[in-house]
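Enquirer:
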Amino acid sequence: MRLITDAEVASLVTMREAIAAMTAAFEQMGNGAVALAPRVRGAAEHHGQGAAIAAMGAALPAAGVVGAKVYSTVKGQFSFVIVLFSSVTGAPLAAIEANEITRFRTAAASAVALRALAARAAGALAIFGTGVQAHAHAEAFLLTRPFERVLVAGRAGAPAFADWVTAGFGVPAQAVDAATAAREADVLVTCTRAVEPLFDGTIVKPGAFVAAVGSSKPQARELDDALLARADLIAVEWLPAAQAEAGEFVRAAVGVIDPERVVELGKLLVGGHPYQRRAHDVVVYKSVGIGLEDVALAKLVWDRAQ
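Using the numbering used here, the letters of the sequence shown correspond one by one to residues 158 to 463.
(1) Would you identify the three-state DSSP class for HIS204, choosing helix, strand or coil?
(2) Suppose the cutoff is 7 angstroms on Cβ atoms and the five residues either side in sequence are ignored; what does the same chain contact list for GLU405 look like?
(3) Compute the beta-carbon to beta-carbon distance between ALA209 and ARG198, rounded to the nearest angstrom, for a pair I have assumed lies under 8 angstroms.
(4) Any chance the stretch 390-402 sits against the stretch 414-421, with 3 or more Cβ pairs inside 8 angstroms?
(5) Going by the beta-carbon positions, is the gap between ALA293 and GLY364 smaller than 8 angstroms?
(6) Count the other C-beta atoms from every protein chain shown that fall within 10 angstroms of the C-beta of PHE298, then say buried if there are 16 or more, exposed otherwise.
(7) Rounding to the nearest angstrom, what Cα-Cα distance links SER229 and ALA462 in this structure?
(8) What residue range does the beta strand (DSSP E) around PRO249 cover?
(9) Measuring alpha carbon to alpha carbon, tell me which of ALA211, ALA336 and GLN376 ends up nearest ALA283.
(10) Nearest-angstrom Cα distance between GLU202 and THR162?
(11) Return the bridge partner residues of GLY224 from the DSSP annotation.
(12) Compute the distance between the beta-carbons of ALA225 and GLN185, then report whether it is under 8 angstroms.
(13) If you follow the beta strand (DSSP E) that LYS443 is part of, which residue opens it and which one closes it?
(14) In the DSSP assignment, find the beta strand (DSSP E) that holds GLN376 and state where it starts and stops.
(15) So ALA182 is in the alpha helix (DSSP H); what residue range does that whole segment cover?
(16) Taking only three categories from DSSP, how would you classify GLY325?
(17) Apart from the five residues just before and just after VAL223, which ones in its own chain have a Cβ nearer than 6 angstroms to its Cβ?
(18) Taking the alpha-carbon positions, what's the ASP382 to LEU250 distance?
(19) Determine, using beta-carbon pairs with one atom in the stretch 168-184 and one in the stretch 257-270, whether at least three such pairs fall under 8 angstroms.
(20) Check the DSSP bridge columns for ALA409 and list the partner residues they point to.
(21) If you run the structure through DSSP and keep just helix, strand and coil, what is ARG306?
(22) For GLY429, which residues from the same chain have a beta carbon less than 7 angstroms from its beta carbon, with the 5 sequence-adjacent residues on both sides left out?
(23) Where THR180 and GLY448 are concerned, what is the direct C-alpha to C-alpha distance, given to the nearest angstrom?
(24) Helix, strand or coil: which one does DSSP assign to GLY448?
(25) Alpha carbon to alpha carbon, how far is LEU271 from GLY205?
(26) With H, G and I counted as helix, E and B as strand and the rest as coil, what does DSSP make of LEU160?
(27) Which value, in whole angstroms, describes the spacing of the CA atoms of TRP395 and ALA453?
(28) Among residues of its own chain, excluding the 5 on either side of ILE239, which ones have a beta-carbon nearer than 6 angstroms to its beta-carbon?
(29) Can we say the stretch 346-354 touches the stretch 322-329, given the rule of at least three CB pairs closer than 8 angstroms?
(30) Leaving out five residues before and five after VAL289 in sequence, what residues of the same chain have Cβ atoms less than 7 angstroms from its Cβ?
(31) Tell me whether ARG198 sits in a helix, a strand or coil according to DSSP, three-state version.
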């Protein structure tokens, strides 16, 4: 069994390749060819020092692999490892440091949703947050759509982030407050650790696409009930995970989220749901991260490493 480091992952995979891998994985899921293991968590404290462990996984027999991601949380920091097995022989193939994979896979999955669900005429992109996932989503979204400008809303480092976007992608970017970003953008992506909504959902444009990716804990939410109630479609990776882990679902008032408007991304990709986007539709994509994404990208890394 081989150990593959984060440095190797970064050298072996590009964001475009990650987006293609996520597309194929969600199509397999939409066709019913995937089994998922939900996230499990455990936490303990000793002498005032807390530590947590979590794991989730997936079986992708069409890709020839099964696997699981395990990660620790200590002092608010995550460390990720994926163990990948052959689905043909059952033999372990690799242990892969997965901090880079996690950076890639979350943004790549969001880009799949963006490509499928955002209005074609979307010109302004708003990014909430300035951390690792904000950078990854800027790359994934700007590779996927030709945005005319980028608005950055963050508690720290927003001007520097905007300069990075302009210099790296040639798209004008500026730091703005959250309300301006929410009001002016056609596509919004929230990549924060907020526990309460970032903006008033009533000010979001008709026709907007909103990707919320910042939290997978039921007590935290980035979007408010006003936006969820307005949404003509709410796309999720896997419904059981969203219902258990997304604060937007767990904390929504009764009746805000109509189950008929909630659809798994894979089903949308393969035509398993009859949704047809209208110009004025508000579409929300809520991500909590699922093992499908990790194992699919780990398989891509394994293939490249041979």
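Beta carbons: idealized from backbone N, C-alpha and C, even for Gly.
Expert: From the atom records:
(1) For this step, residue 204 is matched to residue 47 along the sequence shown. HIS204 falls in the coil class under three-state DSSP.
(2) The sequence position of residue 405 within the sequence shown is 248, counting from 1. Cβ within range, chain order: ALA369, ARG378, LEU380, LEU385 and LYS443.
(3) Indexing the sequence shown from 1 puts residue 209 at position 52. Indexing the sequence shown from 1 puts residue 198 at position 41. About 6 angstroms; that satisfies the 8 angstroms criterion.
(4) yes
(5) Translated into the one-based positions of the sequence shown, residue 293 becomes position 136. Translated into the one-based positions of the sequence shown, residue 364 becomes position 207. No; because the gap between Cβ atoms is not below 8 angstroms, this pair is not in contact.
(6) Within the sequence shown, the letter at position 141 stands for residue 298. PHE298 is buried by the Cβ-count criterion.
(7) By one-based count along the sequence shown, residue 229 stands at place 72. By one-based count along the sequence shown, residue 462 stands at place 305. Answer to the nearest angstrom: the Cα atoms are 25 angstroms apart.
(8) Numbered from 1 along the sequence shown, position 92 holds the residue referred to as residue 249. First-last of the beta strand (DSSP E) with PRO249: 249-254.
(9) Taking the first residue of the sequence shown as position 1, residue 283 is located at position 126. Taking only the C-alpha atoms, the option nearest ALA283 is ALA336.
(10) Taking the sequence shown and counting its residues from 1, one reaches residue 202 at position 45. Taking the sequence shown and counting its residues from 1, one reaches residue 162 at position 5. Computed Cα separation, rounded: 29 angstroms.
(11) Position 67 of the sequence shown, counted from the start, is the residue given in the question as residue 224. Paired residue(s): ALA215 and LEU241.
(12) As a working mapping, residue 225 is identified with position 68 in the sequence shown. As a working mapping, residue 185 is identified with position 28 in the sequence shown. No, Cβ-Cβ distance for ALA225 and GLN185 is not below 8 angstroms.
(13) Here residue 443 refers to the residue found at position 286 when the sequence shown is read from its first residue. Counting along the chain, the beta strand (DSSP E) containing LYS443 begins and ends at 440-443.
(14) Locating residue 376 in the sequence shown gives position 219, where the first residue counts as 1. It is not in any beta strand (DSSP E) - GLN376 carries neither H nor E in the DSSP assignment.
(15) The count along the sequence shown starts at 1 and reaches residue 182 at position 25. From DSSP, the alpha helix (DSSP H) with ALA182 extends over 172-187.
(16) Sequence index remark: in the sequence shown, residue 325 carries index 168 (1-based). Of the three classes helix, strand and coil, the one that applies to GLY325 here is helix, per DSSP.
(17) Within the sequence shown, residue 223 is the residue found at index 66, counting from 1. So the list reads ALA216, PHE242 and SER244, once near-sequence residues are dropped.
(18) To locate residue 382, count along the sequence shown from 1; it is residue 225. To locate residue 250, count along the sequence shown from 1; it is residue 93. Spanning the two alpha carbons is a distance of roughly 44 angstroms.
(19) yes
(20) One-based indexing of the sequence shown puts residue 409 at position 252. Answer is none; ALA409 lacks a bridge partner.
(21) For the purposes of this step, residue 306 is taken as the residue at position 149 of the sequence shown. Note: ARG306 maps to strand in three-state DSSP.
(22) If you number the sequence shown from 1, residue 429 lands on position 272. Around GLY429: GLY187.
(23) Within the sequence shown, numbered from 1, the residue matching residue 180 stands at position 23. Within the sequence shown, numbered from 1, the residue matching residue 448 stands at position 291. Rounded to whole angstroms, THR180 to GLY448 spans 14 angstroms at the Cα level.
(24) As a position in the sequence shown, residue 448 is number 291, starting the count at 1. Here GLY448 sits in helix by DSSP.
(25) For the purposes of this step, residue 271 is taken as the residue at position 114 of the sequence shown. For the purposes of this step, residue 205 is taken as the residue at position 48 of the sequence shown. Between LEU271 and GLY205, the C-alpha separation is close to 42 angstroms.
(26) Your numbering for residue 160 matches position 3 in the sequence shown. Three-state result, LEU160: strand.
(27) By 1-based counting over the sequence shown, the position of residue 395 is 238. By 1-based counting over the sequence shown, the position of residue 453 is 296. Rounded to whole angstroms, TRP395 to ALA453 spans 15 angstroms at the Cα level.
(28) Locating residue 239 in the sequence shown gives position 82, where the first residue counts as 1. Excluding residues within five positions, the ones whose Cβ falls inside 6 angstroms are GLY224, LYS226, ILE253, ALA255, ASP451 and ALA455.
(29) no
(30) In the sequence shown, the residue the question calls residue 289 occupies position 132. ARG260, listed in sequence order.
(31) As a working mapping, residue 198 is identified with position 41 in the sequence shown. Strand, per DSSP.
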